[in-house]
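Worksheet: one structure, shown below.
In the numbering used here, the protein residues as written are 242 to 458.
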């Protein structure tokens with residue numbers, strides 16, 4: 242009996258803590274199509290398990306994007322990570338990542354990745370459309386962005402690419418998107434609440450019974 246009471250009390254106490262936990266907020270490997278919260282624009286399309294430029298070189302004076310809406314209203318922090326592979330005219334044709342909480346994007350909405358060693362200054366049309374920096378030239382890797390400043394909001398994230406009048410090479414592809422963050426623990430189900438109440442009741446009964454034994458022992 243003592244063991245049962247103890248276990249019930251411990252379980253009830255643990256469930257009441259409401260601790261936050263790490264969680265996957267969004268993931269996409271582009272193998273099974275886009276969800277309702279995702280969209281493509283310009284020359285970007287899906288193929289071969291990636292999204293971006295799929296056939297041949299990108300075009301002159303292009304602006305293309307992949308966009309996803311993230312619900313970060315319950316998150317206290319968030320990280321975005323993805324694989325990229327770009328071959329473009331260095332400094333003039335590039336991609337970067339932007340955000341919007343209003344549905345309107347502009348050069349001032351550019352996000353800065355955690356590691357900036359491959360994040361170059363841009364010139365010309367790309368800089369005008371997307372902001373002053375981006376991933377350009379011939380490179381690949383995994384980029385990580387801290388989205389914690391956007392926690393508590395619904396936000397649109399846009400992977401955007403721009404070129405000037407002298408396009409060549411094959412462009413850019415993205416894969417293996419992952420957004421993680423700290424989220425509150427789930428609210429206990431009714432059956433769990435019942436177990437908690439029972440646990441506290443049994444614990445209280447045990448304490449009162451012990452007090453009576455001490456008083457008359």
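Idealized CB from N, CA, C, for every residue including glycine.
Would you report the Cα separation of residue 263 and residue 409, rounded to the nearest angstrom? Using only the alpha carbons, I get a separation of about 42 Å.
Should residue 273 be listed as close to the ligand MN, given that the test is whether its C-beta is under 8 Å from any heavy atom? Within the structure as shown, the ligand MN is missing, as the structure has no ligands at all.
Figure out for me which residue from 355, 306 and 395 has the closest Cα to the Cα of residue 315. Looking at the Cα atoms, 395 is the closest of the given residues.
Should the segment 287-305 be regarded as contacting the segment 351-361, the criterion being three or more beta carbon pairs within less than 8 Å? The segment 287-305 is not in contact with the segment 351-361.
Using only CA atoms, which one of 277, 276, 271 and 280 lies nearest to residue 288? Nearest Cα to residue 288 within the set 277, 276, 271 and 280: 271.
Taking residue 306 as the reference, give the member of 416, 422, 401 and 407 with the closest Cα. Residue 306 has its Cα closest to that of 401, out of 416, 422, 401 and 407.
Can you tell me whether DSSP reads residue 350 as helix, strand or coil? Three-state result, residue 350: helix.
Distance, residue 385 Cα to residue 349 Cα: A straight line joining the alpha-carbon of residue 349 with that of residue 385 spans about 19 Å.
Hey, residue 317 and residue 423 are a contact pair by Cβ (cut 8 Å); roughly how many whole angstroms apart? Between residue 317 and residue 423 the beta-carbon gap is near 5 Å, inside 8 Å, which marks them as a contact.
8 Å CB neighbourhood of residue 313 in its chain, flanking five on each side removed: Excluding positions up to five away in sequence, the list reads 266, 319, 388, 391, 392, 393, 394, 395, 396 and 422.
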